[in-house]
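Peer 1: Positions in the sequence shown are counted from 1; adding 134 to them yields this note's numbering. Virtual Cβ for every residue (Gly too), placed ideally from N, Cα, C. For reference, the structure I am asking about is given below.
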Amino acid sequence: MISTRFRGFLPVVVDLETGGFNARTDALLEIAAVLLTMDEDGTLRRGETVSFHVQPFDGANIEAASLQVTGIDPFHPLRPAIPEREALQNIFREVRQAVRNAGCKRAILVAHNAHFDLGFLNEAIARTAVKRSPFHPFSVLDTATLCGVAFGQTVLAQAALAAGMEWDSDAAHAAAYDAEMTADLFCEIVNRFKPIYAAALPLPPVVAESADDEPLPPET
135 MISTRFRGFL
145 PVVVDLETGG
155 FNARTDALLE
165 IAAVLLTMDE
175 DGTLRRGETV
185 SFHVQPFDGA
195 NIEAASLQVT
205 GIDPFHPLRP
215 AIPEREALQN
225 IFREVRQAVR
235 NAGCKRAILV
245 AHNAHFDLGF
255 LNEAIARTAV
265 KRSPFHPFSV
275 LDTATLCGVA
285 FGQTVLAQAA
295 LAAGMEWDSD
305 AAHAAAYDAE
315 MTADLFCEIV
325 NRFKPIYAAA
335 LPLPPVVAES
345 ADDEPLPPET
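Below you can see the structure in the form of structure tokens.
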């Protein structure tokens, strides 16, 4: 069961597209979260994707070099962007429901170079005063590290190719596409490691190491 596979945490794959590398000053432009499911035999699979275009916050810095990479036009009149706070609330609502449905205590962020995404996410949470993030505030599962171990590659595109997956360069650097490819890689690695995990069973009882390990409070 997925509720016991990751110490009570539900892995949720996240990708953010941003206006630069500074989480405090640079704009959050896209956010995507991919939910994961697990079969009865322990096979991890990619599930639903939730994604939003995000309006830059007031005073946000946007580096031209970042836009050249992503191809995003933040102020295009047809871009269906929503305010940062609304995007976070929508994502968190879906993740909290998935955590409850899976019988987990909270979510843990999975991403490629995960602390980059978590840093931007936490800054956006602080900036918008959104309450009750479902994610652990500092623990992550980083696919750049995992892909380095499993495939000898730390770049997302190269890791996907090394894993035998197709890579669409034209679709890359969109949050939804990158999150889904990251989810596929994470599932592939976890599934390949099933024999190693099975050899470690039975697992010792889970002990909360801090208040951040405790279950999410109920909805009010």
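#1: Could you check the C-alpha separation between VAL335 and THR159 for me, to the nearest Å?
#2: CB ASP149 to CB ASP318, shorter than 7 Å?
#3: Taking only the alpha-carbon atoms, compute the straight-line gap between SER273 and HIS187 and give it to the nearest angstrom.
#4: Three or more beta-carbon pairs under 8 Å between the region 237-254 and the region 193-200, yes or no?
#5: Take VAL244 and list the residues in its own chain whose beta-carbon comes closer than 6 Å to its own, dropping the five residues that flank it on each side.
#6: In or out: PRO190 buried (at least 16 other Cβ within 10 Å) or exposed?
#7: To the nearest angstrom, how far is it from the Cα of SER267 to the Cα of ILE216?
#8: Which residue marks the beginning of the alpha helix (DSSP H) containing SER273, and which one marks its end?
#9: Who are the Cβ neighbours of ILE323 in its own chain at under 6 Å, not counting the five residues just before and after it?
#10: Given a threshold of 16 other Cβ atoms within 10 Å of its Cβ, counted over all protein chains shown, does LEU212 qualify as buried or as exposed?
#11: Determine, using beta carbons only, whether HIS246 and THR277 come nearer to each other than 7 Å.
#12: Hey, how far is the Cα of ALA296 from the Cα of VAL168?
#13: Name the DSSP beta bridge partners of VAL188, please?
#14: Report back the beta-carbon spacing between LEU163 and ILE225 to the nearest angstrom; my notes put them in contact at under 8 Å.
#15: Looking at THR204: is its Cβ nearer than 7 Å to the Cβ of GLU151?
#16: Once DSSP output is grouped into helix, strand and coil, what is the label at ASN247?
#17: Going by other Cβ atoms of all chains shown within 10 Å of its Cβ, with 16 needed for buried, is GLY153 buried or exposed?
Peer 2: In short:
#1: A quick correction: the sequence has Leu, not Val, at residue 335. If you draw a straight line from the Cα of LEU335 to the Cα of THR159, it is about 45 Å long.
#2: Result no, Cβ atoms of ASP149 and ASP318 do not sit closer than 7 Å.
#3: For SER273 and HIS187, the gap between their C-alpha atoms comes out near 26 Å.
#4: They do not touch, by the three-pair rule.
#5: If the five residues before and after VAL244 are omitted, its C-beta is found closer than 6 Å to the C-beta atoms of PRO145, VAL147, LEU275 and PHE320, all from its own chain and listed in chain order.
#6: Buried is the call here.
#7: Taking the straight line from one Cα to the other gives about 19 Å.
#8: Run containing SER273: none in the alpha helix (DSSP H); it sits in the beta strand (DSSP E), 269-276.
#9: The answer, listed in chain order, is LEU280 and ALA284.
#10: When all chains shown are included, LEU212 counts as exposed.
#11: In this structure, THR277 lies closer than 7 Å to HIS246 by Cβ.
#12: Answer to the nearest angstrom: the Cα atoms are 22 Å apart.
#13: Answer is ILE216.
#14: Contact flag wrong, Cβ pair sits at about 14 Å.
#15: Yes, these two residues count as a Cβ contact at 7 Å.
#16: If DSSP states are grouped into helix, strand and coil, ASN247 belongs with coil.
#17: With a threshold of 16 other beta carbon atoms within 10 Å, GLY153 meets it and is buried.
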